[in-house]
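*Asks:* Counting from 1, position 128 in the sequence shown corresponds to residue 128 in UniProt numbering; the numbering is continuous, with no gaps. Just so it is clear, CB atoms sit at the ideal spot from N, CA and C, and this is done for glycine as well. None of these values were measured; they are calculated from a predicted model. Structure provided below as C-alpha cells; questions to follow.
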Amino acid sequence: MRKFLRIYVDTNVFIALKETGGNLGLKLVELLARAPIGPNPLLATSELTLAELLTKPYAEGRDDLIDQYDNWIVRSDWLEVGPVTRDVLWYAAVLRSNYRGLKLPDAIHISTAIGLGCSHFLTNDMGIKDSYKVLHKRYGLTKISEPLEVVRPTVDVLDEILSDLRADR
1 MRKFLRIYVD TNVFIALKET GGNLGLKLVE LLARAPIGPN PLLATSELTL
51 AELLTKPYAE GRDDLIDQYD NWIVRSDWLE VGPVTRDVLW YAAVLRSNYR
101 GLKLPDAIHI STAIGLGCSH FLTNDMGIKD SYKVLHKRYG LTKISEPLEV
151 VRPTVDVLDE ILSDLRADR
C-alpha cells in the first residue's frame, strides 16, 4: 500500500464515527485528532456527503444529528469539502462508463476524491472496489489521473494511517 498522502472519507465512515464503539470507533476518533491541520488537510470529502448524512436524521426528526453533521461537513483546517461541480459530474460519467456497475453517488464521490488529489478512499461500501483512475479521451486529448486506492476502515488500516502520521512528524 502506498503512503497516505490525502484520504477521502466516504459517508459511511462519518456514520461509523458517530455510531461505532469499541476499538474501531476509538481509532476513527484518533485519526481525526491526529490528522494534520492546515490549508491542505489530510482528510477530504464531498458536499454530497452532507446530503447523505442528513437523510436519516431528517426522517427521524433528529435535530441534534442534523446540527452535528452540518457542523462536521464544512471546509476547515482538518477537512477539505469538495463541491459537486460540473467537472466532477463529467468525470463521474467517465468513471461510470469505465467501471460498469458503479452507482452515480459513488462515482461522484470517487470523482471528487480524484479531483482533490486523494491517494486513498476510505470506505465501508463493498460496491466500491480496489482502485480507480480516470482515463478519458476526447478531442484527441487523453486525461489520466493518478490511481485512487480504496481502503477499508479496519483497525489494521487505521493503525497504518496513524503510523504514517507519526512518521511524518
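If you reduce the DSSP assignment to three classes, tell me which class A35 lands in.
*Replies:* coil
*Asks:* Do A35 and E80 come within 8 angstroms of each other at the CB atom, strictly closer than that value?
*Replies:* no
*Asks:* How about the stretch 24-41 and the stretch 55-64: do they share at least three Cβ pairs that are nearer than 8 angstroms?
*Replies:* no
*Asks:* Name the residue from A167, E160 and D168 whose alpha carbon lies nearest to the alpha carbon of residue 172.
*Replies:* What the structure shows of the chain is the stretch from 1 to 169, and residue 172 is not part of that stretch, so it cannot be assessed.
*Asks:* Tell me, to the nearest whole angstrom, how far the beta carbon of R6 is from that of G117; I am working on the premise that it is less than 8 angstroms.
*Replies:* 6 angstroms
*Asks:* Taking I108 and L148 to be in contact with their CB atoms under 8 angstroms, please state how far apart those CB atoms are, rounded to whole angstroms.
*Replies:* 13 angstroms between Cβ atoms; not a contact.
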